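Single-structure report; data block below.
There are 2 protein chains.
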Amino acid sequence: MSTPTKIMLDEREMPTRWYNLAPDLPVPPPPPLHPGTHQPAVAEDFAAIFPRALIAQEMSTERYIDIPGAVLDVYRLWRPSPLFRAHRLEKLLDTPARIYYKYEGVSPAGSHKPNTAVPQVWYNAQEGVRRLTTETGAGQWGSSLAFACAQFGLSCDIWQVAASYRAKPYRRTMMEIWGGRVYSSPSEITTFGRELLAANPDHPGSLGIAISEAVMEAAADPHARYTLGSVLNHVLLHQSIIGEETLLQLAKIGERPDVIVACTGGGSNFGGLTFPFLREKLAGRLNPVIRAVEPAACPSLTKGEYRYDFGDTAGLTPLMKMHTLGHRFIPEPIHAGGLRYHGMAPLVSHVYELGLIEAIAIPQSECFAGAVQFARSEGIVPAPEPSHAIAAAIREALACRESGESRVILTALCGHGHLDLAAYEKYLGGEMVDIELPESAIAEAMRSVPEVA
Amino acid sequence: MSTPTKIMLDEREMPTRWYNLAPDLPVPPPPPLHPGTHQPAVAEDFAAIFPRALIAQEMSTERYIDIPGAVLDVYRLWRPSPLFRAHRLEKLLDTPARIYYKYEGVSPAGSHKPNTAVPQVWYNAQEGVRRLTTETGAGQWGSSLAFACAQFGLSCDIWQVAASYRAKPYRRTMMEIWGGRVYSSPSEITTFGRELLAANPDHPGSLGIAISEAVMEAAADPHARYTLGSVLNHVLLHQSIIGEETLLQLAKIGERPDVIVACTGGGSNFGGLTFPFLREKLAGRLNPVIRAVEPAACPSLTKGEYRYDFGDTAGLTPLMKMHTLGHRFIPEPIHAGGLRYHGMAPLVSHVYELGLIEAIAIPQSECFAGAVQFARSEGIVPAPEPSHAIAAAIREALACRESGESRVILTALCGHGHLDLAAYEKYLGGEMVDIELPESAIAEAMRSVPEVA
Numbered sequence: 001m002s003t004p005t006k007i008m009l010d011e012r013e014m015p016t017r018w019y020n021l022a023p024d025l026p027v028p029p030p031p032p033l034h035p036g037t038h039q040p041a042v043a044e045d046f047a048a049i050f051p052r053a054l055i056a057q058e059m060s061t062e063r064y065i066d067i068p069g070a071v072l073d074v075y076r077l078w079r080p081s082p083l084f085r086a087h088r089l090e091k092l093l094d095t096p097a098r099i100y101y102k103y104e105g106v107s108p109a110g111s112h113k114p115n116t117a118v119p120q121v122w123y124n125a126q127e128g129v130r131r132l133t134t135e136t137g138a139g140q141w142g143s144s145l146a147f148a149c150a151q152f153g154l155s156c157d158i159w160q161v162a163a164s165y166r167a168k169p170y171r172r173t174m175m176e177i178w179g180g181r182v183y184s185s186p187s188e189i190t191t192f193g194r195e196l197l198a199a200n201p202d203h204p205g206s207l208g209i210a211i212s213e214a215v216m217e218a219a220a221d222p223h224a225r226y227t228l229g230s231v232l233n234h235v236l237l238h239q240s241i242i243g244e245e246t247l248l249q250l251a252k253i254g255e256r257p258d259v260i261v262a263c264t265g266g267g268s269n270f271g272g273l274t275f276p277f278l279r280e281k282l283a284g285r286l287n288p289v290i291r292a293v294e295p296a297a298c299p300s301l302t303k304g305e306y307r308y309d310f311g312d313t314a315g316l317t318p319l320m321k322m323h324t325l326g327h328r329f330i331p332e333p334i335h336a337g338g339l340r341y342h343g344m345a346p347l348v349s350h351v352y353e354l355g356l357i358e359a360i361a362i363p364q365s366e367c368f369a370g371a372v373q374f375a376r377s378e379g380i381v382p383a384p385e386p387s388h389a390i391a392a393a394i395r396e397a398l399a400c401r402e403s404g405e406s407r408v409i410l411t412a413l414c415g416h417g418h419l420d421l422a423a424y425e426k427y428l429g430g431e432m433v434d435i436e437l438p439e440s441a442i443a444e445a446m447r448s449v450p451e452v453a
Numbered sequence: 454m455s456t457p458t459k460i461m462l463d464e465r466e467m468p469t470r471w472y473n474l475a476p477d478l479p480v481p482p483p484p485p486l487h488p489g490t491h492q493p494a495v496a497e498d499f500a501a502i503f504p505r506a507l508i509a510q511e512m513s514t515e516r517y518i519d520i521p522g523a524v525l526d527v528y529r530l531w532r533p534s535p536l537f538r539a540h541r542l543e544k545l546l547d548t549p550a551r552i553y554y555k556y557e558g559v560s561p562a563g564s565h566k567p568n569t570a571v572p573q574v575w576y577n578a579q580e581g582v583r584r585l586t587t588e589t590g591a592g593q594w595g596s597s598l599a600f601a602c603a604q605f606g607l608s609c610d611i612w613q614v615a616a617s618y619r620a621k622p623y624r625r626t627m628m629e630i631w632g633g634r635v636y637s638s639p640s641e642i643t644t645f646g647r648e649l650l651a652a653n654p655d656h657p658g659s660l661g662i663a664i665s666e667a668v669m670e671a672a673a674d675p676h677a678r679y680t681l682g683s684v685l686n687h688v689l690l691h692q693s694i695i696g697e698e699t700l701l702q703l704a705k706i707g708e709r710p711d712v713i714v715a716c717t718g719g720g721s722n723f724g725g726l727t728f729p730f731l732r733e734k735l736a737g738r739l740n741p742v743i744r745a746v747e748p749a750a751c752p753s754l755t756k757g758e759y760r761y762d763f764g765d766t767a768g769l770t771p772l773m774k775m776h777t778l779g780h781r782f783i784p785e786p787i788h789a790g791g792l793r794y795h796g797m798a799p800l801v802s803h804v805y806e807l808g809l810i811e812a813i814a815i816p817q818s819e820c821f822a823g824a825v826q827f828a829r830s831e832g833i834v835p836a837p838e839p840s841h842a843i844a845a846a847i848r849e850a851l852a853c854r855e856s857g858e859s860r861v862i863l864t865a866l867c868g869h870g871h872l873d874l875a876a877y878e879k880y881l882g883g884e885m886v887d888i889e890l891p892e893s894a895i896a897e898a899m900r901s902v903p904e905v906a
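One line per chain: the protein sequences are A and B, in this order.
For the first sequence, the working numbering gives the first residue as 1, with consecutive numbering after it.
For the second sequence, the working numbering gives the first residue as 454, with consecutive numbering after it.
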């Protein structure tokens with residue numbers, strides 16, 4: 001074992017700026033549109049729900065943006081995160097491939113989400129915002145925002161998808177430990193929520209609905225703003241620290257990835273790991289295949305349409321050009337709650353359209369089988385979301401076993417599964433089923449997507 | 454902030470030998486006794502339940518023992534573990550003290566327990582053992598052993614205290630992910646378990662009972678051996694890597710601890726952190742106050758008697774000279790399940806008797822209050838066990854605020870609380886009570902302790 005198990009960076013080696021892919025693309029990404037006029041959105045269109053600094057980042061064409069010192073200070077609680085060589089998984093799979101995984105589960109919330117929660121809270125605090133609202137599904141994002149709000153003394157209101165609120169009380173407790181207030185969505189607090197509850201008191205909720213509620217609340221309170229944990233350009237910007245660190249780590253051991261696989265729901269983990277590598281690829285310095293992995297039950301890239309759609313169910317957000325299953329699409333309750341989103345980050349959608357990345361969809365039972373192999377060899381119990389990336393990495397490693405190639409496979413283990421053990425219980429008990437993609441539900445949801453000239 | 458947030462060691466700096474305190478003590482620790490003859494136990498007395506290599510370590514008078522290469526390889530999955538400077542907690546407490554915590558929650562099982570699970574499994578595997586048995590309370594030890602067995606291909610049978618088996622299904626799932634088989638204790642599998650269930654079908658179990666069952670099963674199968682996650686000398690030996698790493702980390706930044714506080718149940722976390730520092734103290738190179746922190750509801754050091762007693766409830770183990778509440782004592786169901794043990798490691802008990810360490814007991818509500826302060830400042834949600842250490846560190850830091858002293862406080866955060874969130878839910882909901890120590894229960898349990906001449 002010439003490569004160490006963990007390739008670490010010292011705190012002083014942590015990148016001090018984020019990377020913005022947009023200016024390096026051969027074709028600029030289509031702009032968001034105002035939902036009423038269908039004209040390109042301007043900064044004021046976002047001012048009721050986002051602080052100026054984040055709107056500027058959302059629209060920035062700067063290649064690099066400095067990370068504020070106060071944000072770096074909080075990042076140091078867990079960053080730089082380790083890059084692992086999966087020696088023991090390689091041995092289990094009997095593959096000549098070399099597998100590396102960047103592990104983001106070392107953050108207090110247990111995933112990559114604090115990478116953007118911390119700067120989002122800090123920029124809001126700088127502009128005098130005293131309260132933040134957001135939505136959360138399984139709870140990874142909500143707990144990350146609650147943690148970040150505790151760091152800077154802001155209050156934090158979280159609308160959690162009702163199905164998860166009921167099924168995952170411990171994530172709620174985690175948010176409350178950090179001082180967050182958590183509401184089941186749809187809630188009685190917003191007009192939209194009340195309408196939905198009137199129609200169905202047991203409404204299971206969805207991320208799109210919870211986004212609508214959190215946006216409405218923020219827009220109604222001058223001291224409050226809204227935060228989103230994925231999809232948007234500024235979120236992917238903040239997550240670029242994952243890929244920037246990984247580049248430094250691989251350089252330390254002289255490795256160059258042949259293939260990069262990462263799971264994608266809204267796209268922030270995928271973009272965070274891969275966009276710095278895409279920069280290197282566009283510049284001709286590296287040449288990895290870059291592949292997004294999505295759940296077979298919510299395949300926005302591989303089965304959705306590329307068109308303008310809303311980010312939320314009520315249709316409050318600007319229209320974004322993205323791969324979408326339709327903003328009224330309610331994904332089946334697969335265990336990877338963080339991948340249950342109808343759309344895909346506009347930047348990820350755009351580079352997919354440009355042919356710069358590939359995409360595949362994998363059913364959850366294959367993902368959990370891979371996650372158990374991973375846990376028994378590498379130790380860490382993965383969250384259901386990155387189990388998709390692990391399953392894809394295992395496919396690659398087994399292909400190398402067939403071909404005899406020693407390819408270098410890089411993936412992101414974007415979180416641990418300590419709060420997802422009920423899903424493993426189902427898998428180990430033989431009760432997990434692969435949910436058939438409801439094609440008719442997509443067709444139905446696509447009818448709600450607005451026509452844009 | 455001149456000190457970094459995390460003081461890290463490179464894999465190549467990881468200690469390659471464990472430290473055994475026994476030969477450095479001014480008075481040798483009293484030997485274990487055969488339960489029948491009350492004569493000092495010899496190696497053969499342990500041969501039915503432990504492999505020869507571990508028995509040799511249990512009785513060793515060597516100061517240092519080399520860590521096998523295969524064990525170091527597995528340690529590298531998470532070791533060296535980080536030492537944190539608690540900048541943000543210090544700020545919250547407005548204290549001139551400098552607080553450091555060694556964090557063991559980075560291991561796959563989320564605590565310090567894999568430090569000994571891995572070598573125990575490896576030594577057993579070397580001697581041809583194919584199956585290991587053990588007990589577990591909250592599940593930290595059981596999951597660590599299951600993880601270690603998965604690494605070396607042994608099968609793993611775990612008796613989990615019935616109350617925890619029912620209340621904490623997710624820890625059971627974690628053990629099963631790593632391939633462990635988990636039984637509720639008392640179980641129908643052993644004669645002792647059947648007797649207890651016949652008397653009380655809803656028996657809540659205890660660690661002492663689960664130990665008895667696991668020992669009985671191992672003794673009955675020539676291919677099986679028993680493992681214990683705390684108390685014994687060889688367990689504390691393996692945990693010494695915690696303190697050895699910490700010494701290297703503090704040396705890197707030129708700090709010398711004035712006071713070390715660590716929680717103690719069986720004693721392995723406490724001994725692991727503090728014994729290397731005690732070596733330095735005995736040699737006159739450092740002079741820290743060393744203080745054990747135990748739960749007010751199970752205070753073996755501060756309220757137990759120092760005498761020979763059994764390690765298990767059925768009275769199968771050799772007699773050990775230790776602080777004990779009586780081997781028939783069933784502690785109240787506090788949330789720090791890992792601290793609910795009637796006895797204390799003989800080595801920890803011995804150094805306490807020699808006046809080399811201090812001890813205090815803290816009620817759980819103060820511990821949870823400290824843990825929430827810790828989570829909101831440092832991010833990590835602590836397990837209930839180390840919340841005792843955190844509460845003690847906060848007491849010290851507040852004393853420094855009063856006195857104006859800049860003391861250096863060192864503590865061990867021996868695990869995260871991701872699988873203990875139900876306890877936090879109770880605390881945040883105002884439902885946590887401090888359990889009054891049942892003095893009469895201790896007196897009753899002490900009557901079962903054998904008289905030894």
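C-beta: ideal position from N, C-alpha, C; glycine also.
These numbers come from a predicted model, not from an experiment.
Residues that residue i bridges to, as DSSP identifies them
i        : result
SER144/A : In DSSP, SER144/A forms no bridge with anything.
PRO493/B : LEU486/B
LEU319/A : LEU33/A
PHE417/B : Past the edges of chain B, shown from 454 to 906, lies residue 417/B, and the structure says nothing about it.
For residue j and residue i, the rounded distance between their alpha carbons
i        : j        : result
GLU148/A : GLY128/A : The sequence shown places Ala at residue 148/A, rather than the Glu named in the question. Distance between the alpha carbons of ALA148/A and GLY128/A: 16 Å.
LEU237/A : TRP18/A  : 6 Å
MET454/B : PRO561/B : Caution is warranted here: a pLDDT of 49 is assigned to MET454/B, below 50, making its placement in the model unreliable, and no coordinate value can be reported.
ARG256/A : GLU588/B : 46 Å
GLY415/A : LEU874/B : 18 Å
SER831/B : ILE862/B : A small correction: the amino acid at residue 831/B is Glu; Ser does not occupy that position in the sequence shown. GLU831/B and ILE862/B: Cα-Cα distance of roughly 16 Å.
ILE362/A : HIS540/B : 43 Å
ILE7/A   : ALA896/B : 54 Å
GLU466/B : ARG529/B : 11 Å
THR458/B : TRP78/A  : 9 Å
Same chain, Cβ closer than 6 Å to residue i, five either side skipped, listed in chain order
i        : result
VAL351/A : ILE357
TYR165/A : SER184
ASP477/B : ARG732 and LEU735
VAL902/B : ASP762 and GLY779
GLY657/B : Sequence inspection shows Pro at residue 657/B; the Gly mentioned does not correspond to that position. Contacts found: ALA615 and ALA616.
Within 8 Å, strictly: CB atoms of residue i and residue j
i        : j        : result
PRO835/B : GLY808/B : no
ALA22/A  : PRO29/A  : yes
THR133/A : ALA214/A : yes
ALA822/B : PRO839/B : no
ILE833/B : TYR556/B : yes
PHE748/B : ALA812/B : In the sequence on display, residue 748/B carries Pro and not Phe. Cβ atoms of PRO748/B and ALA812/B: not closer than 8 Å.
TRP631/B : SER659/B : no
VAL684/B : ALA591/B : no
VAL712/B : ARG860/B : yes
Chain-order list of residues whose beta-carbon lies under 8 Å from that of residue i (same chain, five-residue window excluded)
i        : result
PRO40/A  : PRO31, PRO32, LEU33 and HIS34
THR643/B : SER665, GLU666, MET669 and GLU670
TYR64/A  : ARG17, TRP18, TYR19 and ASN20
Closer than 7 Å: residue i CB and nearest the ligand MG heavy atom
i        : result
GLU811/B : Of ligands this structure carries none, so the ligand MG is not represented either.
Same chain, Cβ closer than 7 Å to residue i, neighbours up to 5 away in sequence not counted
i      : result
LEU9/A : PRO80, GLU245, LEU248 and GLN249
(message) Please list, in chain order, the residues of the segment 550-571 of chain B that have any C-beta partner in chain A closer than 9 Å.
(response) VAL559, SER560, PRO561, ALA562, GLY563 and PRO567
(request) Note down, in chain order, all residues in the segment 368-385 of chain A with a beta-carbon under 9 Å from any beta-carbon belonging to chain B. (result) ALA371, VAL372, ALA375, ARG376, SER377, GLU378, GLY379, ILE380 and VAL381
(message) Any C-beta of chain C within less than 9 Å: which residues of the segment 610-624 of chain B qualify?
(response) No chain C appears in this structure, whose protein chains are A and B.
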